[in-house]
Amino acid sequence: MKYSHHFFFFSFRTFSYLANMLSRRFYSTTARKLITPLTSVKHPSLQRGPYKKLDTKDLEYFSQILSPQQIVTETEPYNIDFFNLYRGSSKLCIFPTTVQQVSSILKYCNDQRLAVVPQGGNTGVSGGAIPVFDEIIINTSKMNKIRSFDPVSGIVIADAGVILEELDQAIEPHGFTVPLDLGAKGSCQLGGNVSTNAGGLRLMRFGNLHGNVLGLEVVLPDGTIMDGLSSLRKDNTGYDLKQLFIGAEGTLGMVTGVCLLTPKRAKSINVAMLAMDSFDQVQSAFVAAKRDLCEILSAFEFWDHDSVELVQNTILQDQIFPMKGKISPFYALIETQGSREDHDMEKLDQYLGQLMEKGVIQNGVLAQDTTQIKSLWQWREKIPEAITVSGTAMTYDVSMNIRLFPQMMQDVKTHFESKGLLGSRYTNILGFGHVGDGNLHIMANMHGFDQKEQEEFDDYIFNWTIKHKGSLSAEHGVGIHKVDYMIKSKNPIQLQLMHKIKSTLDKKGIMNPYKVLP
Ligand code: FAD
Numbered sequence: 002m003k004y005s006h007h008f009f010f011f012s013f014r015t016f017s018y019l020a021n022m023l024s025r026r027f028y029s030t031t032a033r034k035l036i037t038p039l040t041s042v043k044h045p046s047l048q049r050g051p052y053k054k055l056d057t058k059d060l061e062y063f064s065q066i067l068s069p070q071q072i073v074t075e076t077e078p079y080n081i082d083f084f085n086l087y088r089g090s091s092k093l094c095i096f097p098t099t100v101q102q103v104s105s106i107l108k109y110c111n112d113q114r115l116a117v118v119p120q121g122g123n124t125g126v127s128g129g130a131i132p133v134f135d136e137i138i139i140n141t142s143k144m145n146k147i148r149s150f151d152p153v154s155g156i157v158i159a160d161a162g163v164i165l166e167e168l169d170q171a172i173e174p175h176g177f178t179v180p181l182d183l184g185a186k187g188s189c190q191l192g193g194n195v196s197t198n199a200g201g202l203r204l205m206r207f208g209n210l211h212g213n214v215l216g217l218e219v220v221l222p223d224g225t226i227m228d229g230l231s232s233l234r235k236d237n238t239g240y241d242l243k244q245l246f247i248g249a250e251g252t253l254g255m256v257t258g259v260c261l262l263t264p265k266r267a268k269s270i271n272v273a274m275l276a277m278d279s280f281d282q283v284q285s286a287f288v289a290a291k292r293d294l295c296e297i298l299s300a301f302e303f304w305d306h307d308s309v310e311l312v313q314n315t316i317l318q319d320q321i322f323p324m325k326g327k328i329s330p331f332y333a334l335i336e337t338q339g340s341r342e343d344h345d346m347e348k349l350d351q352y353l354g355q356l357m358e359k360g361v362i363q364n365g366v367l368a369q370d371t372t373q374i375k376s377l378w379q380w381r382e383k384i385p386e387a388i389t390v391s392g393t394a395m396t397y398d399v400s401m402n403i404r405l406f407p408q409m410m411q412d413v414k415t416h417f418e419s420k421g422l423l424g425s426r427y428t429n430i431l432g433f434g435h436v437g438d439g440n441l442h443i444m445a446n447m448h449g450f451d452q453k454e455q456e457e458f459d460d461y462i463f464n465w466t467i468k469h470k471g472s473l474s475a476e477h478g479v480g481i482h483k484v485d486y487m488i489k490s491k492n493p494i495q496l497q498l499m500h501k502i503k504s505t506l507d508k509k510g511i512m513n514p515y516k517v518l519p
């Protein structure tokens, strides 16, 4: 081992890994100090569309095709999002169990012109899964069967409501893993992941769902079932229709089944946490990781010092930050996944040693077993949950050239400091994200619901991103949050085509109205 005394192996003995990254406690909204006002009140410019209002005849129809357990009229938990930013007033949440039931529900809703919102694990960040007015919620939680798994190809076919982490656990004994991992894995569902084209922590290694999804089963708004559950890796016969539904956020149809290509689970996994004095050093460590770790590099995440403080003070109070002592402005987490421990360790040793020698990193720890790997990951994965403890938080997922990350973080802080908002209402503005994908998350916690101030945040961050040729959404989607900015973000031809596709598939506009399309 060639490291100087600053670099040490992770050797704490007191880790108490909290197994489920995201407990479902966020459904108990009563525990919150404040509940966000209704979205329709916060956005008075939004007008309810020409949809029918739910009546007793509709309820009678649903009770003919569904069991009482599948019909919920106590809808509060399903009308509010994880970050407590969006609230709807749906009077009905239904839980189909089969694709035929989804088909009957959508056919009926289309005939009656009842608007609907598809909902999976309700961990979405842009308000896409929450009704704006009284849309009926169709929740996929009870569609949770893994239909088949082929241990030769690694191809799995599963219902839309299977929870991401449960799918991963189910294929683990066969030596496979899902090509997607995110902090909400204990609650988010496959259908929600596909519909948001979720990115997450290992996108730089496995690519996004446009590549990993081989086929989809989708129920169209008029109830037609499109069975596209192909498990072919190569199929160039005509338009690749499934791609339309990946990232469509439930505006074109309801995903009911997913065919996913899963990679082999790595035999050797290593995780290191590094402390750095500047974002330039984060960037240098990233460039060196791509060069020196190359095919085994599976994640490169970063976060700022304020994020550590918040996680420590809110969720991980009983744990010791592995690099306690000198405060560093930036931290990075590097993960490698390979097939030979000695080969991977040799590469990682050389990489870390060089970073230390060149003074790129000031300090670092290397996990020694899976418990420590999970513990290191927590400091990154708990950030979104920690910032929500104040009651609510605004969250942004912009993408851009990574050189711009520090400038954006600084500009946002300076701008809101000059307005007297830092240290008062918004005590934390955090920067963290997926360096490997050029995806920066900026989050601000709030202690109240001042719509004007929220809009100021949106305006500043989105305009800054557009000016610097970035994307307003790297992975969370448009939902209701960014819909007003689509006009600035897409050109008129792109928007026209999107509208044409929407009106072709959803003539009556019942699928997740008010979202995505301006
Ligand atoms: P929901 O929130 O229920 O729905 C999301 C959208 O998809 C909505 O528009 C909804 O209408 C639509 N939808 C849901 N199911 C269907 C269906 N069956 N058919 C059609 N439309 C459907 N996201 C990332 O990409 N990367 C991250 O690293 C990441 N980290 C997160 C960490 C935390 C702590 C939290 C709370 C969220 C995070 N997210 C992240 C956001 C979120 O987890 C993802 O967007 C996830 O894919 C949403 O899945 P879900 O099942 O919860 O979907």
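All residue numbers for the sequence shown refer to our numbering, where the first residue is 2 and numbers rise by one.
Each residue gets a CB set at the ideal place from its N, CA and C atoms; glycine is no exception.
In this text, all values refer to a predicted model and were calculated from it rather than measured experimentally.
Mind checking who residue i pairs with in its DSSP beta bridge?
| i | result |
| --- | --- |
| His-442 | Asp-398, Phe-433 |
| Lys-265 | Phe-177 |
| Gln-120 | Asn-140 |
| Gly-1 | Nothing about residue 1 can be read from this structure; the chain reaches only from 2 to 519. |
| Leu-423 | Tyr-427 |
| Ala-72 | Reading off the sequence, residue 72 comes out as Ile, not Ala. The partner list for Ile-72 (beta bridge, DSSP) reads Ile-95. |
Considering just the uninterrupted stretch of the alpha helix (DSSP H) at residue i, what are its terminal residues?
| i | result |
| --- | --- |
| Asp-281 | 280-293 |
| Phe-63 | 57-66 |
| Ser-391 | Per DSSP, Ser-391 belongs to no alpha helix (DSSP H) and is neither H nor E. |
| Met-409 | 406-419 |
| Tyr-522 | Here the chain has residues from 2 to 519 only, and residue 522 is not among them. |
| Ser-196 | 191-197 |
| Val-366 | Unbroken run through Val-366 is the beta strand (DSSP E), 364-367; no alpha helix (DSSP H). |
| His-500 | 493-506 |
| Ile-172 | 165-172 |
| Arg-381 | 371-382 |
| Gly-354 | 342-358 |
| Ser-472 | Where Ser-472 is concerned, there is no enclosing alpha helix (DSSP H), given that its DSSP letter is neither H nor E. |
| Ser-490 | 487-490 |
| Ser-41 | 40-43 |
Shorter than 7 Å, the distance from the beta carbon of residue i to the closest heavy atom of the ligand FAD, or not?
| i | result |
| --- | --- |
| Ser-472 | no |
| Glu-250 | yes |
| Cys-189 | yes |
| His-477 | yes |
| Glu-386 | yes |
| Pro-119 | yes |
| Ala-159 | no |
| Phe-83 | yes |
| Met-255 | yes |
| Lys-468 | no |
| Thr-98 | no |
| Asn-513 | yes |
| Ala-130 | yes |
| Thr-371 | no |
| Lys-516 | yes |
| Lys-201 | Note on residue identity: the sequence assigns Gly, not Lys, to residue 201. Because some heavy atom of the ligand FAD lies under 7 Å away, the Cβ of Gly-201 counts as near it: yes. |
| Val-126 | yes |
| Gly-184 | yes |
| Asn-194 | yes |
| Gly-122 | yes |
| Thr-197 | yes |
| Thr-521 | In the structure displayed, the chain extends from 2 to 519; residue 521 sits before or after that span and is not available. |
| Gly-1 | Nothing about residue 1 can be reported from this structure: the residues present for the chain run from 2 to 519 only. |
Report the residue from the options whose alpha carbon sits nearest the alpha carbon of residue i.
| i | options | result |
| --- | --- | --- |
| Gly-432 | Gly-478, Gly-449, Asn-123, Ile-384 | Ile-384 |
| Asp-438 | Gly-128, Glu-166, Gly-208, Gln-411 | Gly-208 |
| His-482 | Val-118, Leu-202, Phe-96, Val-126 | Val-126 |
| Thr-257 | Phe-287, Gly-224, Leu-275, Met-277 | Gly-224 |
| Lys-265 | Ile-156, Gly-392, Ser-46, Pro-78 | Ile-156 |
| Met-205 | Val-214, Asp-182, Gly-176, Glu-218 | Asp-182 |
| Ile-226 | Ser-105, Gln-355, His-44 | Ser-105 |
| Trp-380 | Val-312, Met-409, Leu-202 | Val-312 |
| Asn-440 | Gly-50, Val-399, Asp-460 | Val-399 |
| Tyr-240 | Asn-145, Ala-267, Gly-229 | Gly-229 |
| Gly-254 | Leu-506, Tyr-515, Leu-518 | Leu-506 |
| Asn-213 | Leu-221, Ser-231, Val-219, Pro-222 | Ser-231 |
| Asp-342 | Glu-302, Ser-391, Ile-36, Asn-271 | Note that residue 342 corresponds to Glu in the displayed sequence, not to Asp. Answer by Cα proximity: Asn-271. |
| Lys-92 | Gly-122, Ala-199, Gln-282, Glu-136 | Glu-136 |
| Val-259 | Lys-414, Ser-340, Ile-164 | Ile-164 |
| Ser-46 | Ile-430, Phe-134, Ser-269, Thr-372 | Phe-134 |
| Phe-331 | Ser-504, Ile-430, Thr-315, Asp-307 | Asp-307 |
What are the boundary residues of the beta strand (DSSP E) that residue i is part of?
| i | result |
| --- | --- |
| Tyr-109 | First-last for Tyr-109: 100-113, but that is the alpha helix (DSSP H), not the beta strand (DSSP E). |
| Val-157 | 156-160 |
| Ile-147 | 147-151 |
| Leu-298 | 298-305 |
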